[in-house]
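If you're matching them up, the sequences are chains A and B in order. The first sequence begins at 2 in our numbering and counts up one residue at a time. The second sequence begins at 2 in our numbering and counts up one residue at a time. First up is the structure itself, then whatever we jot down about it.
Number of protein chains: 2
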Amino acid sequence: MEQYCFGVDIGGTGIKAGLFSSEGELLDKWVVPTVRTDKGKDVLKDAANLIDSKIKEKGLTKAQIIGIGVGIPGPVKDNGDVLELPNLGLGYFNIEEEMSEMTGLKVKAGNDANVAALGEQWKGSGKGFNNMVLVTLGTGVGGGVIHNGRIVAGSGGAGGEIGHLPVGINEEETCGCGKKGCLEQYSSATGIVRLAKKALKQSSKESELRSLDSLSARDVFDMAKKGDDLALEVVDQACSYLGLALAHVAQVVDPEAFVLGGGVSKAGQILVDYTMKHYVPNVMNALKDRKFLIASLGNDAGIYGCARLVLS
Amino acid sequence: MEQYCFGVDIGGTGIKAGLFSSEGELLDKWVVPTVRTDKGKDVLKDAANLIDSKIKEKGLTKAQIIGIGVGIPGPVKDNGDVLELPNLGLGYFNIEEEMSEMTGLKVKAGNDANVAALGEQWKGSGKGFNNMVLVTLGTGVGGGVIHNGRIVAGSGGAGGEIGHLPVGINEEETCGCGKKGCLEQYSSATGIVRLAKKALKQSSKESELRSLDSLSARDVFDMAKKGDDLALEVVDQACSYLGLALAHVAQVVDPEAFVLGGGVSKAGQILVDYTMKHYVPNVMNALKDRKFLIASLGNDAGIYGCARLVLS
């Protein structure tokens, strides 16, 4: 009897599910919108119903399903305890128990950024590196630490919260988390735009960036690649914070490789080069040769990592 | 037949060994000097001979020894690989295989700071915290990260190298590791004295510290406790770097507790208070309530951790 598993990545806007073979091959995938009702747990029911319907649709039996791996946008402890999911309007619960009851299947859960890291480590750019760190540079900055092939969730599920590493001294603006000087304020897509706008204001240098109606992180990287001086300065600045942050991460968990993901990572080699430029002088000799790679699974990293949770 | 194990902490000046019951009770302990000859591996032979002689002395048989845990002053991979031990004049070798051949016993090895962390987690102040971090504030600053009861050694054994977290921006002096701005330059006993001397030079404030012929980190804390303004400033400064560094650590591995050890930790509550003062504003809300404790096993932490390596 063929065995399968599901990976389910629950996000603020969509629930993404993938059906995997027991060898970890992605066979099919679906997305349904996240419907936020008064009862946050409806999201879990929607996810459970999605799985149930796909099991029927594929003509499978529950005995053929090894389990369901679930990723959620908030801290999850190793035992499945979730303190709260403000995004979904949920308070304390054990997601593994709840979803297992709903589906009659074994459920393992993890934080979305952490499962994405596990996905990249298992089937993406991090393949072959038992110790790696994923940094997701999107609207915010997320991260996940994999040690000996497993997620480092930490005591409260806040392991890998790299976006809030305190790298900015003397920062005056406040991060979404309430602190000042978080990595996210400099190296997320939003952060890069912020730095660019500041640079445009403070500098009198000519720059193609001045001609744009609205400015995106992509514009900054595109112009930098064309040799625009001011854009290069902004890239250097954003990467100086990222390089410093990853130096801290390296001194704590010594990964073999850093994988850069999220929208900003589409910038490619220039992002790798400038980040390494600032990483290398900030780590011990033994850590200077660590690899920097661009993520390869895109938005599927999460469902891959979820599948890995139940297949490992 | 009663079962036992040995914990052996190999340092630059002494080899410390402990005999433990299978329940982890320390039954006896010894120290012999580290003799550094041309052949660094003589140190391993000395350690092996020490074990052999203690087995005989205690009237035990090798069948009664579960194994030997060994701590060494350098990075050790999870598989026992050691890249180099400059302290002992050793190049690449696998310490577990070498010592196992010498003794005919199972050997597990770890970095000295990491095994000390494991010791404190198992039998010291970190007891009950499956996720904790030890910071050793001595001549230098060492550290060890314990996640789910196990050492986070990382890919090259450099996990927990907290002493070289890059916390000092614009530092002009160079750390022993060759970088500038390492935690060790501010929060080790040596670093605190350096900060105190700088403060005495730069400030015209009266201070009892000025009357001392030679200055130690202990003097700084003692004077601070008596209310000496300048000493308090130095304590605050040293702890600002430590608090910031531990904020970084928390964001990466989310420990339940930080245990402060080493000579400087004898300062006690004042060290905890000032470190937390600078830790709290630098971490996410979810991490603000983490515990800060003073280590309790002193120099025995290492042999306890070594024993734990073979008993877990």
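The C-beta atom is built at its ideal place from N, Cα and C for all residues, glycine as well. Bear in mind the structure is a predicted one, so any value in this text is a computation, not a measurement.
Within the segment 4 to 78 of chain A, the complete beta strand (DSSP E) segments at least 3 residues long are 5 to 11, 15 to 22, 27 to 34, 66 to 73, listed from N- to C-terminus. When 8 angstroms is used as the limit between beta carbons, residue 4(B) is near no residue of chain A, the shortest such separation being about 27 angstroms. At a beta-carbon threshold of 8 angstroms, the residues of chain A lying near residue 180(B) are 282, 283, 284, 285, ordered along the chain. Bounds of the alpha helix (DSSP H) holding residue 199(B) are 190 to 203. In this structure, residue 117(A) sits away from residue 255(B), with a CB-CB distance that is not shorter than 8 angstroms.
For the pair residue 8(A) and residue 313(A), the Cα-to-Cα distance works out to about 13 angstroms. Using a Cβ-Cβ cut-off of 8 angstroms, residue 74(B) does not count as an interface residue toward chain A, since no Cβ of chain A sits closer than that to its own. Burial check for residue 227(B): the Cβ neighbour count within 10 Å stays below 16, so the residue is exposed.
The shortest C-alpha to C-alpha distance from residue 5(B) to any of 36(B), 175(B), 59(B), 11(B) is the one to 59(B).
A direct Cα-to-Cα measurement between residue 129(A) and residue 87(B) gives close to 30 angstroms.
Closer than 8 angstroms to the CB of residue 79(B) there is at least one CB belonging to chain A. About 16 angstroms separates the beta carbons of residue 31(A) and residue 46(A), which is beyond the 8 angstroms limit, so they are not a contact pair.
Taking 8 angstroms as the cut-off, the beta carbon of residue 204(A) is found no closer than this to the beta carbon of residue 142(A). For residue 255(A), the neighbours in chain B by C-beta distance under 9 angstroms run, in chain order, 76, 153, 154, 155, 156, 157, 158, 159, 160, 161, 162. Three or more beta-carbon pairs separated by less than 8 angstroms are not found between the segment 123 to 137 of chain B and the segment 91 to 105 of chain B, which leaves the two stretches without contact. With a threshold of 8 angstroms between beta carbons, residue 288(A) makes contact with chain B.
DSSP places residue 109(A) inside the beta strand (DSSP E), whose first and last residues are 108 to 112. As for any alpha helix (DSSP H) of minimum length 4 sitting wholly inside the segment 213 to 261 of chain B, the runs are 218 to 226, 230 to 254, ordered along the chain.
Think of a sphere of 9 angstroms around the beta carbon of residue 167(B): the chain A residues whose beta carbon falls inside it are 245, 248, 249, 252, 282, 283, 284, in chain order. Those residues of the segment 126 to 155 of chain B placed with their C-beta closer than 9 angstroms to a C-beta in chain A are 130, 131, 132, 133, 134, 144, 146, 148, 149, 151, 153, 154, 155, ordered along the chain. In the DSSP assignment, residue 104(B) falls within the unbroken alpha helix (DSSP H) covering 96 to 104. Proximity of chain B to residue 170(A) at the Cβ level (cut-off 8 angstroms) is accounted for by 170, in chain order.
Between the C-alpha atoms of residue 29(A) and residue 35(A) there is a straight-line separation of about 19 angstroms.
For residue 133(A), the secondary structure class from DSSP, reduced to helix, strand or coil, is strand. The beta carbon of residue 265(B) is closer than 6 angstroms to those of 138, 190, 218 in its chain, skipping five residues each way along the sequence. Under the three-pair Cβ rule at 8 angstroms, the segment 151 to 170 of chain B counts as touching the segment 70 to 80 of chain B.
Between the alpha carbons of residue 273(B) and residue 293(B) lies a distance of about 6 angstroms. Between the C-alpha atoms of residue 215(B) and residue 269(B) there is a straight-line separation of about 22 angstroms.
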